[in-house]
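First the structure, in the form of structure tokens, and then the observations on it.
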């Protein structure tokens, strides 16, 4: 079962075959020719199909079961979105066709951009970034170009709360900014005094996730906005958690100047085992001229590309992960204005319901109502029983669910972060709560069963130390 | 329709369980001045209406029956098994394989993908892929920068979008970028030698280059290494079945656009950037890497590894922030390579090479369409265009043909043509006939 | 957890051993290696680099963390422990034998702790 495709290779076996060459053969001159053929597998079609079908059965997606991975918004991925993205009129279009021959693609991009502007309260949008972190890089590049354009060369610092996703400081570093980390309060939100001390003439921007990574809405957002803007800095919204507030409140109204979204989280496009995602960036009008090249404009019903006046340039080839954008558009069309809001409301309801179900069994460091996700701490459990958050997570696999996010955010020790999303039923939440409680009971009754977990999977815990010390990265 | 299973009554019960009466109470933490009345978006639609509307929009695009355009995106034959297998929902709806035990399938496919990329490029270590070819080039440039060397040198014979992407990344990082001119359709090595200095971290060329010509990568490597810099080669993956590998040419890193390996054109994405390096630079690679290890019972197990390179651990000290990548495209690529196989990929490359030569001869035989450059080419080549290129494109479009890409080279109107295994001899003959008619 | 007697320690858990001739070796303490867990890789500065007191001299990667290392004293780097770079696990098994760099023209740092003071410091 765990054989590699290469192990199944037998000389002479063929799967796909192309027609006979109908022109004369050309030889590669020796100085350009590779010495030996690349050792690709030689397999029949049924070998190929069984190999990858069996590997798919050793994978776990939202379609297999509950997937409460905090900060990842693993909601159901509607099948109609896949059908829409498989339309020949989308898949068989060359990106360098003349504009007159791609009016449909441009309409998709223009319409989706408008919808996303409305949802975020922004005034311009690019769909070019391929992922959330790519959106961060793109937006920070725009902010940098804006500041340089204004001669504000001393604004080199980006303020990032200590609860932020690792991509935030890493993107800031890629753009040559110095990161200033600020602490959170005991309630898990931005420490306003620390923020006030951090801002100044050297502040480029604040990067903020709202609701933040512990699932709390930054209730002081108006003070935060004023503090940063008064100091001459900009506000950047990490849209990882937009699912909690879409249709309810908008980053643009909160005073954010730029945002990135994760279509593969909030807008139900599948995550593909790691990608492709899509990380559109929205901004207020004053930043629009720095957007990546190109943007789509519409005039008298005719769509065309144009290069923004002071564009940062391209952040990748072409126009973004277009088919992912088609899926997100299909999703927004299906939900409509009301459905978008309903999704956010039920995401928050489900998270609060699950949090309530676990209260008493799990320590909730930032207690009180949460938004779409919440964090529990197993620090006390570890002290009492030696069982770690990781042990509980592995025990949950044996109890039939995908574990929550582990060890994030960094501000909570032995953290598990749960985001059930709106597309889970009450029964699913109830059985997940039962599994989560059962795992804690096992920590006291039979801790070895958790240390040995998981036992229901094709393999047990991999030896990660050996993997790092003696890397085997290819066959 | 918002895919919410709970009925209104169930929602009320759940609210009661958390001590609330109505859903609005859950949002009291949001200042009332910031709460939205309603989104100005159209109302909900049924599945039937949505697919109808999107089909109508898709219908506004032209699906060309025949395509002679490449320039960074290539039409190839995609076996049905590739599409079906990569659409398995367990793969499609999975997240990044953080929980290794329940993600062995996804992890093994990435390990196989890394192996295939190493076998094609001759390199030692591949990552799990990045956003696309242009992004891979930009990440490679960033990867080789250090305290002492931060300048990037790029050949002007690379795809314009790749150059523009590298330029964006260098500008944001505040690091220097130099562009080397082209001579006779290939990188000018004398100019390159002058541009590379003791501040240069890496040099980027493409193989074949934007004009379709195969560069002398070995000589380039000598020039680059003489200055102590690294050579990054952006390569076309199908050509690797026949052409000298980047490793054989002495490159330090091989990157490229993986789209030809089973991904449809899709108006530019999602595509796949591949990146591979020699062992010595393993820890400089950005992105996910899967390693093979074992579990406590000695069973083979795959796991995300060398994670201390990555943003979630290194944070502001990380040179790349990539998190989500193009895993499903990497899966597609490995299934494609397995479906074509050792011989099949050579067949595809052989068709591209031979048919492109046939097409070049046919087109060049038309008055005024002579080849612009003399170098050895793979599946793309540039010809002159004796009339306004729009005249040619319009004539072809009427016949359902997407012609080559109009390009201007040193003020001269030219066309960059692309021929792959899906173009038949009849299509090529037909193309040359239409060109003949158009310039009569 | 052990603290070696003849060494001096910084609050950031590096040790320094004066070896005469104005030279010193720098490493990390047993406490530090235990906090890091299984060490997988070590990035170090280069021979010839001049470092200040508290200046970064590299970082240590364990399986799921990366820790910066700061020089407890100033000086010019004269040697890098290549053997340790080839087998970083030695840092876990023998932290006081696993020096990272050798410095010359070593500057004094009066804030360093002796073994007893360091023992008290990590007990806090």
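Chains as they are written, first to last, in the working numbering: chain A, 15 to 489; chain B, 31 to 470; chain C, -9 to 114. Backbone N, C-alpha and C fix where the C-beta goes; we use that ideal spot for every residue, glycine too.
Counting contacts by CB-CB distance shorter than 8 Å, is residue i in contact with chain C?
{"i": "residue 129(B)", "result": "no"}
{"i": "residue 313(B)", "result": "yes"}
{"i": "residue 479(A)", "result": "yes"}
{"i": "residue 41(B)", "result": "no"}
{"i": "residue 344(B)", "result": "yes"}
{"i": "residue 259(A)", "result": "no"}
{"i": "residue 48(A)", "result": "no"}
{"i": "residue 465(A)", "result": "no"}
{"i": "residue 259(B)", "result": "no"}
Can you tell me where the beta strand (DSSP E) holding residue i begins and where it ends?
{"i": "residue 249(A)", "result": "248 to 252"}
{"i": "residue 94(C)", "result": "91 to 94"}
{"i": "residue 207(B)", "result": "207 to 210"}
{"i": "residue 413(B)", "result": "410 to 414"}
{"i": "residue 171(A)", "result": "171 to 175"}
{"i": "residue 217(A)", "result": "217 to 223"}
{"i": "residue 234(B)", "result": "230 to 237"}
Please confirm if residue i has its CB atom under 8 Å from at least one CB of chain A.
{"i": "residue 72(C)", "result": "no"}
{"i": "residue 239(B)", "result": "no"}
{"i": "residue 80(C)", "result": "no"}
{"i": "residue 53(B)", "result": "yes"}
{"i": "residue 28(C)", "result": "yes"}
{"i": "residue 271(B)", "result": "yes"}
{"i": "residue 180(B)", "result": "no"}
Considering only the beta carbon of each residue, do residue i and residue j sit closer than 8 Å?
{"i": "residue 50(C)", "j": "residue 26(C)", "result": "yes"}
{"i": "residue 519(A)", "j": "residue 253(A)", "result": "Not covered by the structure: residue 519(A). The range shown for chain A is 15 to 489."}
{"i": "residue 120(A)", "j": "residue 128(A)", "result": "no"}
{"i": "residue 453(A)", "j": "residue 464(A)", "result": "yes"}
{"i": "residue 48(C)", "j": "residue 96(C)", "result": "no"}
{"i": "residue 34(B)", "j": "residue 282(A)", "result": "no"}
{"i": "residue 257(A)", "j": "residue 280(A)", "result": "yes"}
{"i": "residue 250(B)", "j": "residue 179(B)", "result": "no"}
{"i": "residue 54(A)", "j": "residue 146(B)", "result": "yes"}
{"i": "residue 77(A)", "j": "residue 77(B)", "result": "no"}
{"i": "residue 91(C)", "j": "residue 63(C)", "result": "no"}
{"i": "residue 99(A)", "j": "residue 340(A)", "result": "yes"}
{"i": "residue 415(B)", "j": "residue 443(B)", "result": "yes"}
{"i": "residue 48(A)", "j": "residue 275(B)", "result": "yes"}
{"i": "residue 93(B)", "j": "residue 102(A)", "result": "yes"}
{"i": "residue 108(C)", "j": "residue -7(C)", "result": "yes"}
Report yes if the C-beta of residue i is less than 7 Å from at least one heavy atom of the ligand NAP; otherwise report no.
{"i": "residue 303(A)", "result": "Absence of the ligand NAP from the depicted structure is noted, as is the absence of any ligand whatsoever, leaving it without description."}
Taking DSSP's pairing of strands, which residues face residue i in a bridge?
{"i": "residue 52(C)", "result": "29(C)"}
{"i": "residue 323(B)", "result": "331(B)"}
Between which two residues does the alpha helix (DSSP H) holding residue i run?
{"i": "residue 366(B)", "result": "357 to 394"}
{"i": "residue 68(A)", "result": "59 to 71"}
{"i": "residue 6(C)", "result": "Unbroken run through residue 6(C) is the beta strand (DSSP E), 4 to 10; no alpha helix (DSSP H)."}
{"i": "residue 82(C)", "result": "80 to 83"}
{"i": "residue 111(B)", "result": "110 to 116"}
{"i": "residue 155(A)", "result": "146 to 163"}
{"i": "residue 84(B)", "result": "77 to 88"}
Examine chain B for any beta-carbon lying closer than 8 Å to the beta-carbon of residue i, and answer yes or no.
{"i": "residue 51(C)", "result": "yes"}
{"i": "residue 19(A)", "result": "yes"}
{"i": "residue 270(A)", "result": "no"}
{"i": "residue 347(A)", "result": "yes"}
{"i": "residue 55(C)", "result": "yes"}
{"i": "residue 312(A)", "result": "no"}
{"i": "residue 150(A)", "result": "yes"}
- Query: Taking the runs of the beta strand (DSSP E) that are 3 residues or longer, which of them lie wholly in the stretch 282 to 366 of chain A?
  - Reply: The stretch 282 to 366 of chain A is shown to contain whole beta strand (DSSP E) runs of 3 or more residues at 295 to 297, 309 to 313 and 316 to 320, in chain order.
- Whole alpha helix (DSSP H) elements within the stretch 260 to 330 of chain B, 4-residue minimum: Taking 4 residues as the shortest admissible run, the stretch 260 to 330 of chain B contains the following complete alpha helix (DSSP H) segments, listed from N- to C-terminal end: 276 to 279.
- Message: Going residue by residue through the stretch 421 to 479 of chain A, where are the continuous alpha helix (DSSP H) segments of at least 4 residues, counting only ones entirely within it?
- Response: Assignment of alpha helix (DSSP H) within the stretch 421 to 479 of chain A, counting only whole runs of 4 or more residues, yields 440 to 459 and 461 to 465 in chain order.
- Message: My parser needs the beta strand (DSSP E) runs of 3 or more residues fully inside the stretch 367 to 427 of chain A; what are they?
- Response: Annotation: the stretch 367 to 427 of chain A contains the following complete segments of the beta strand (DSSP E) (minimum length 3 residues), in chain order: 388 to 391.
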